[in-house]
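Novice: Okay, handing you the structure first.
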Amino acid sequence: MTTDIKPTNSSDPTDNSQNGTDVSPASNGASEKKQPPAHKDSSMMYRGVTYTQKAKRFAPKNLVLTEEDRPSPLLQWFYDLPVRNKQLISLVGSKVFSVIGLVGISSLLIIVGGRRQLVQQSKSELAVA
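So the number in my numbering is just where the residue sits in the sequence shown, counting from 1, plus 8.
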């Protein structure tokens, strides 16, 4: 599949293949569609979007990062990893996080339950004495 990008300025006034209008000599120059104005600069149009040839592209070589725009070295290291390594790190991280969460919540429940049991035991000892 190829993409044809056609220049918007044409030197041939009878060439109407760019804008989709059909102007024939028999119709006296009247067309059903309005013709878009011709651009004087060296621009190209594709699907209604005008692209200039001198415009900067968003390519890595054209990007200029200041010191505050740069991510931390650890984050940049992660960004530079292949996708499968990122997936492996995410998988291991999620497993570690779930185990730590499970251990943490169970420890919290055991501690709270033990304190409650000690309070109840102290109340019952004071009631007997």
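Ideal Cβ positions, reconstructed from N, Cα and C, are used throughout, including at glycine.
Values in this document were obtained by computation on a predicted structure and should not be read as measured data.
Helix, strand or coil for residue 104? Go by DSSP, reduced to three states.
Specialist: Stepping through the sequence shown from its first residue, residue 104 is reached at position 96. In this structure, residue 104 counts as helix in the three-state DSSP scheme.
Novice: Could you tell me the distance, in whole angstroms, from the CA atom of residue 108 to the CA atom of residue 117?
Specialist: By 1-based counting over the sequence shown, the position of residue 108 is 100. By 1-based counting over the sequence shown, the position of residue 117 is 109. When rounded, the distance between both Cα atoms is 14 Å.
Novice: Do you know offhand how far residue 85's Cα is from residue 94's?
Specialist: The residue labelled residue 85 in the question sits at position 77 within the sequence shown. The residue labelled residue 94 in the question sits at position 86 within the sequence shown. Cα-Cα distance, rounded: 10 Å.
Novice: Three-state secondary structure (DSSP) at residue 136?
Specialist: For this step, residue 136 is matched to residue 128 along the sequence shown. Of the three classes helix, strand and coil, the one that applies to residue 136 here is helix, per DSSP.
Novice: Can you tell me the Cα-Cα spacing of residue 125 and residue 112, whole angstroms?
Specialist: Translated into positions along the sequence shown, residue 125 becomes position 117. Translated into positions along the sequence shown, residue 112 becomes position 104. Using only the alpha carbons, I get a separation of about 20 Å.
Novice: So who's on the other strand from residue 54, going by DSSP bridges?
Specialist: Along the sequence shown, read from residue 1 onward, the residue named residue 54 stands at position 46. Answer by DSSP bridge pairing, in chain order: 57.
Novice: Only counting the same chain, and skipping five residues up and downstream in sequence, which positions put a Cβ closer than 8 Å to that of residue 87?
Specialist: Counting from one through the sequence shown, the residue named residue 87 turns up at place 79. 79, listed in sequence order.
Novice: When DSSP labels each residue in this structure, what does residue 89 get in the three-state scheme?
Specialist: Start at 1 with the first residue of the sequence shown, and residue 89 comes out as number 81. Coil, per DSSP.
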